[in-house]
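Engineer:
In the numbering used here, the protein residues as written are 2 to 297.
1) Residues in its own chain within less than 6 Å of residue 223 by CB, not counting five upstream and five downstream?
2) Pair every Cβ in the region 239-253 with every Cβ in the region 205-223, then say whether three or more of these pairs are closer than 8 Å.
3) Specify, as a first and last residue, the run of the alpha helix (DSSP H) that residue 215 falls within.
4) Do residue 146 and residue 119 have their C-beta atoms within less than 9 Å of each other?
5) Give the DSSP-derived three-state secondary structure of residue 234 in the structure shown.
6) Let's test the definition: count the other Cβ atoms within 10 Å of the Cβ of residue 239 and tell me whether it reaches 16, buried, or not, exposed.
7) From this set, 181, 198, 258, which residue's C-alpha is nearest residue 66's C-alpha?
8) DSSP on residue 58, reduced to helix/strand/coil?
9) Counting beta carbon pairs with one atom in the region 26-37 and one in the region 62-80, are three or more of them shorter than 8 Å?
10) Applying the criterion that 16 or more other CB atoms from any shown protein chain within 10 Å of the CB defines a buried residue, is residue 3 buried or exposed?
11) Return the Cβ separation of residue 47 and residue 14 in integer angstroms, given the expectation that the two are a contact with Cβ distance under 8 Å.
12) How would you label residue 38, buried or exposed, when you count the other beta carbons within 10 angstroms and need 16 or more for buried?
13) Work out the CA separation of residue 99 and residue 81 for me, nearest whole Å.
14) Helix, strand or coil: which one does DSSP assign to residue 275?
15) Which same chain residues end up closer than 7 Å to residue 61 when comparing Cβ atoms and leaving out the 5 residues on each side of it in sequence?
16) By alpha-carbon positions, which one of 40, 107, 110, 181 ends up nearest to residue 142?
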């Protein structure tokens, strides 16, 4: 009984979605501090705290959405919606997590504690109200990614981190968000509004145009970063990583529009081999360029 409850709690906290919190590591990698053990340790702790607070947010979200989830073809199987996890147990666990996480966050850094607080409150507002407002719902999701990056910056003594990466993060998050909404709208068809109210404010043509705009902007912003950001290799080798970004964006677009996937971007990240290989090669290229070649 206890083990089944623990499994239900872990499932509700959505560990598969914690891959998003890898954005906390951006400052550590792009500021060339990956080999600096104190900075790496603080960033790792920050990553863990973001994972835990994300889990608490998902618990609160599922409590608020329990009734609606019971009418969704997939979400009805979630532990709270299905009744496998009692709401009082879920609520108590989420509150306990919050009471543990925030003192640790402020102990790491006051700035990090404030950023994590902003992330938590923003996501609660999103779960309760903002997720029902078209466009704003995706801007809030993008803000969550930017806060993750900012959280990583607040944990270390930054010297070389470029503001361009905030722009790229925002655009990439919007791109994935529009793709997710398109996949949901296509999958649920006429039943879309019954399962996610915000989908009533979107149409496939609008989403396709938005995806085109944001994907193009993401590629341009990343390209500008690779040859105009300070403290990059003087020979502009970072431009060699552009093809990986281009392929990754086109691959995700292919999965959304041709394969009909994309409703769960985290699942694509964990299951689509070409996308995984692209991200791996991009990561290797970035590490080689940043850690073996003199900067400007």
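Glycine included, each C-beta is placed from N, C-alpha and C at the ideal position.
Structural biologist: According to the data block:
1) 169, 246
2) yes
3) 205-229
4) By the CB criterion at 9 Å, residue 146 and residue 119 fall outside the cutoff.
5) strand
6) buried
7) 198
8) helix
9) Result no; under three Cβ-Cβ pairs closer than 8 Å.
10) exposed
11) Between residue 47 and residue 14 the beta-carbon gap is near 18 Å, outside 8 Å, which marks them as no contact.
12) exposed
13) 19 Å
14) helix
15) Closer than 7 Å at the Cβ level, and outside the excluded window around residue 61, lie 95, 125, 128.
16) Ranking 40, 107, 110, 181 by Cα distance to residue 142 puts 181 first.
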